[in-house]
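Asks: My questions all concern the structure below.
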Amino acid sequence: MSSTQDNKSLALQASKVQVPTSNIMPDNISLNKWEDTGFEWVGEIAPNSFERLTSTLTTEHEQANISLDATLYRRNNVLHLAFILTGEVWLTCQRCLQPIAVDLSDKYDIALLDNESQIRLINEEQDYLLLEEIVTEQSPERLLPFKKLIEDEILLKTPMAPKHDDCEMSVEQFGEIPEEEETENPFAALAALKGKL
């Protein structure tokens, strides 16, 4: 390996910032502090720690923690929030009313744009958000609502009406269904008259 390559690898290692680690998922990320150096958070989150998601979860099945590996980074002068979710949540099947597992495991990458002119810097398929619409200003910092953005993606991944592929509606029948009596067609009498006229 050449000395130039050695220098490059040393420079890359030196540029990696040691981000403080915590078992508790931060609600916000300070952009003033981390947007240029990058930020990483790895850990597990209880599904019921997300306020809006909690109302959709079933109480009839234990919820396991969801693994999250998230990185805030800058590429081509565009800030990105990339993360990998691994795990599932248990919801209520809308047919049989029994618990159903919904897999959340996926990779996400959201471009965080300063303004709409940056749209040309990202791929057409790239999901993006405008920072001015999501960042909360609390002097002296600009805060990215990290936990809320993760929850938004989880809610988008969960179906509005989850259903098992092979279950029946939870409907009980009481008594017998009466047979319909055949009623005479009112137009039959008109048809008979038509032939006589």
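If you read the sequence shown in my numbering, its first letter stands for residue 18, the second for the next number, and so on.
C-beta: ideal position from N, C-alpha, C; glycine also.
Smallest Cα separation from N40: which of L48, D86, T73?
Replies: The option with the nearest alpha carbon to N40 is D86.
Asks: Using C-beta distances below 8 Å, list every residue in its chain close to C184, excluding the 5 sequence neighbours before and after it, in chain order.
Replies: The residues are C110, R112, C113, Q115.
Asks: So, with DSSP's three-state summary, where would you put L114?
Replies: In the structure shown, L114 sits in coil (DSSP, three-state: anything other than H, G, I, E or B).
Asks: Return the CA-CA distance between L166 and L173, expressed in angstroms with no decimal places.
Replies: Looking at the two C-alpha atoms, the distance is approximately 11 Å.
Asks: Exposed or buried, what is E133 when buried is set at 16 or more other beta-carbons lying within 10 Å of its beta-carbon?
Replies: Exposed, by the Cβ-count rule.
Asks: Quick check on the DSSP output: the alpha helix (DSSP H) that includes I151 runs from which residue to which?
Replies: Segment 148-151, the alpha helix (DSSP H) holding I151.
Asks: Can you name the start and end residues of the alpha helix (DSSP H) that K124 belongs to?
Replies: Here K124 belongs to no alpha helix (DSSP H); instead the beta strand (DSSP E) covers 123-130.
Asks: How is L96 classed by DSSP in three states: helix, strand or coil?
Replies: Strand.
Asks: Please report the residue range of the alpha helix (DSSP H) in which R137 lies.
Replies: First-last for R137: undefined, no H or E at that position.
Asks: Using only CA atoms, which one of S47, I127, L121 lies nearest to N82?
Replies: When each option's Cα is compared against that of N82, the closest is L121.
Asks: Between which residues of its own chain and L70 is the CB-CB distance below 8 Å, once the five residues before and five after are set aside?
Replies: Cβ within range, chain order: P64, V106, E168, I171, L172, T175.
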